[in-house]
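See structure below.
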Amino acid sequence: MREADADIPDVSLSDGVVTLRPWSRDDAGFMAEAFADPAIRRYNGAHDRLGRPAPPLSIEDAEATIDEFASSWRAFVATEPPSGVAFAITDAASGGLVGCCGVDDWSKADVAQFGYWIGPSARGRGYATRAVVLLTRWLFELGAARAFLTVEADNEASAAVARRAGFVHEGTMRAHSVWQGERCDVMWFAALPLEWTMRKPDEPT
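Just so we're aligned, residue 1 is where the sequence shown starts under full-length UniProt numbering, counting upward by one.
See below:
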């Protein structure tokens, strides 16, 4: 661990297959490589008002992003209610990085919005579903009254993750976002603590 990471809280969640932990500056290379992937830039990257993607991340950009994540973790520990935090998703056995999941913000009425992405070489192995289940359980244990996420209507893989993780499709917001100048529909998925616990999310495979 680098000195810059030393004061990040040691928060980790695991189901024995995947582990969620705070990002470290040592992870910057993985993040920069992941954001060269067209799908991640399309669905998870920063866009301008016309839906044009930002340039790919450099190592320095990734380190700056991870520093922002570290600041969010420090705020999470210091404040109530908490703000957003980001986890690196790793393979529990090897420790290798596979993706990211995080909470954008849940300081308003205990409602938590979050998202996730998986690197190209790790897709199709159930990592995302397991990560969403772990993150959702953690949020509810900490008192969140509702967890939700939004998915572009053409992102079928991400919508399938939400459903397998026990989220309910509440509706579709028409022409809610923009990509490359074209308006896009966005699906809205949510989970409530008691309902989610009773639904028992599908066992990831």
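Every residue, glycine too, gets a C-beta built ideally from N, C-alpha and C. Note that this is a predicted model, so its numbers are computed, not measured.
Asked: Beta-carbon proximity check, Val132 vs Ala157, cutoff 7 Å; Found: no
Asked: Distance, Ser71 Cα to Glu63 Cα; Found: 12 Å
Asked: Classification of Met31 by the beta-carbon crowding that lies within 10 angstroms, buried from 16 upward; Found: buried
Asked: Boundaries of the alpha helix (DSSP H) in which Pro38 is found, first to last residue; Found: 38-43
Asked: Start and end residues, beta strand (DSSP E) containing Gly102; Found: 97-105
Asked: Within 7 Å, strictly: CB atoms of Leu135 and Ile89; Found: no
Asked: Pick from Tyr43, Glu141, Trp179, Phe148 that is closest to Arg163, judged by C-alpha positions; Found: Phe148
Asked: Given Leu13 as reference, the closest of Ala92, Thr172, Glu195 once Cα atoms are compared; Found: Ala92
Asked: Closer than 7 Å to chain D by CB, Asp91; Found: Within the model displayed, chain D is absent; a lone protein chain is all it includes.
Asked: Reference Gln113, options Ser121, Ala145, Thr129, Gly126, closest by Cα; Found: Ala145
Asked: Contiguous beta strand (DSSP E) assignments of at least 3 residues, all confined to the segment 90-162; Found: 97-105, 111-118, 146-152
Asked: Proximal residues to His169 (C-beta, below 8 Å), its chain only, five neighbours per side dropped; Found: Ala159, Ala162, Arg163, Met187, Trp188, Phe189
Asked: Beta-carbon proximity check, Pro120 vs Asp37, cutoff 7 Å; Found: yes
Asked: Residues of its chain near Val111, where Cβ-Cβ distance is below 6 Å and the 5 sequence neighbours each way are ignored; Found: Arg146
Asked: Gly95 vs Ile118 beta-carbon contact at 7 Å; Found: no
Asked: Ser12 in three-state terms, based on DSSP; Found: coil
Asked: In DSSP terms, what Ser177 is bridged to; Found: Cys184
Asked: Beta-carbon gap between Phe167 and Ala191 smaller than 7 Å; Found: yes
Asked: Ala153 versus Gly143, Thr172, Arg137, residue with shortest Cα-Cα distance; Found: Thr172
Asked: Other residues of its chain near Trp196: CB distance less than 6 Å, five sequence neighbours each side excluded; Found: Gly166
Asked: For Thr65, three-class secondary structure by DSSP; Found: helix
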